[in-house]
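Numbering (the working numbering), first residue to last: 2 to 266.
Here's what the structure looks like:
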């Protein structure tokens, strides 16, 4: 019992006193991460375009909320400045905001839609790393930058994480990213609704399909909390010697099977 108590004590103090900005933090993976970070002692700034959800969540965890469209560089800069003004420092930047992209073949790709995707999923990450890195360098405390990569933009984010890790390591700033699969986010649920032609499909149904056919861990799908715990690990001092790393969270599936590739077409 004593060992369990010590483990619980350790797990709830992993980010004590640290300040984090989480983009796309109002719901889904971002919201789960905000809660886990707060439970582990961090002060959270939620930056999102979902004002009502974001404000409610921020109030519930003693954090702050700011309206932020990550494709707009000044919005991201203001979110980071809020953290500095509020707590005098920035330790963690979790670039979680992302959108789904255009469907169909490369031969019919709508470039305007692609540019909209990249403005959020790539440029938004660049904005976050750029301004968070400035704040962390000026603060002289080091820090941790992370991103939640999506579909077409995934390889761009992985490359960005590696190159910025090379530059920022001298300042004690670590840069990592997380690549989840099989987590029933609103984005994934909508993809299943479209391709299975079932407009009223629920998250529970998607989870069941993934657990049965989309995971090497039969009976287990991805959860928001899985990604939140991965982000907690990478943001904490437990991962102090990990940088330029892409943590794939997929139940082993994307490396071993292509039978569900239809959801990406």
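Ideal Cβ placement from N, Cα and C applies to all residues, glycine included.
Option in the options with minimal Cα separation from residue i
i           : options            : result
residue 101 : 86, 90, 122        : 122
residue 146 : 183, 62, 247       : 247
residue 157 : 193, 118, 171      : 118
residue 256 : 221, 242, 215      : 215
residue 56  : 71, 25, 133        : 25
residue 231 : 33, 17, 19, 14     : 33
residue 221 : 229, 182, 239      : 182
residue 84  : 205, 233, 105, 19  : 19
residue 98  : 205, 238, 120      : 120
residue 69  : 171, 103, 23       : 23
residue 166 : 207, 124, 184, 242 : 242
residue 134 : 35, 170, 193       : 170
residue 209 : 185, 75, 155, 16   : 185
residue 35  : 223, 154, 227, 191 : 227
residue 75  : 64, 124, 65        : 124
Presumed contact (8 Å Cβ cut-off) between residue i and residue j, rounded CB distance
i           : j           : result
residue 128 : residue 77  : 4 Å
residue 93  : residue 236 : 5 Å
residue 1   : residue 43  : What is shown of the chain runs 2 to 266, which leaves residue 1 out entirely.
residue 161 : residue 126 : 6 Å
residue 48  : residue 67  : 5 Å
residue 144 : residue 91  : 7 Å
residue 193 : residue 207 : 5 Å
Distance between residue j and residue i (C-alpha atoms, nearest Å)
i           : j           : result
residue 73  : residue 81  : 13 Å
residue 37  : residue 174 : 22 Å
residue 168 : residue 197 : 44 Å
residue 86  : residue 148 : 23 Å
residue 110 : residue 41  : 43 Å
residue 180 : residue 89  : 31 Å
residue 58  : residue 225 : 15 Å
residue 114 : residue 14  : 43 Å
residue 116 : residue 233 : 31 Å
residue 53  : residue 60  : 11 Å
residue 131 : residue 50  : 20 Å
residue 187 : residue 195 : 12 Å
residue 164 : residue 218 : 33 Å
residue 202 : residue 103 : 21 Å
residue 250 : residue 178 : 11 Å
residue 205 : residue 189 : 12 Å
residue 107 : residue 239 : 42 Å
residue 65  : residue 39  : 12 Å
residue 112 : residue 172 : 38 Å
residue 213 : residue 191 : 19 Å
residue 254 : residue 71  : 30 Å
Burial state of residue i (16 or more Cβ within 10 Å)
i           : result
residue 211 : buried
residue 95  : buried
residue 5   : With a pLDDT of only 41 at residue 5, under the threshold of 50, the placement of this residue in the model should not be trusted, and no figure is reported.
residue 200 : exposed
residue 141 : exposed
residue 244 : buried
residue 139 : exposed
residue 105 : exposed
residue 137 : buried
residue 252 : buried
residue 154 : buried
residue 2   : In this predicted model, residue 2 has a pLDDT of only 35, less than 50, meaning its place in the structure is not dependable; the value taken from the coordinates is given anyway. Per the 10 Å Cβ criterion, exposed.
residue 11  : Reliability fails at residue 11, whose pLDDT of 45 lies under 50, so the model's placement of it is uncertain and the value that follows must be treated cautiously. With fewer than 16 Cβ atoms within 10 Å of its Cβ, residue 11 is classed as exposed.
residue 8   : Model confidence at residue 8 stands at a pLDDT of 40, short of 50, so the residue's coordinates are unreliable; what they give is reported in the following sentence. Counting Cβ neighbours within 10 Å, residue 8 comes out exposed, since fewer than 16 surround it.
Contact with chain B by residue i, beta-carbon distance below 7 Å
i           : result
residue 136 : No chain B appears in this structure, which consists of one protein chain only.
- Mind pulling the alpha helix (DSSP H) runs of 4 or more residues that sit fully within the stretch 98-126? 112-122
- What are the start and end residues of each continuous alpha helix (DSSP H) run of 4 or more residues lying completely inside the stretch 123-205, in chain order? 124-140, 155-169, 187-196
- In the stretch 208-265, which residue ranges form an unbroken alpha helix (DSSP H) of at least 4 residues, counting only runs that do not cross its ends? 225-236
- Any beta strand (DSSP E) of 3 or more consecutive residues that is wholly inside the stretch 13-62: 20-24, 44-49
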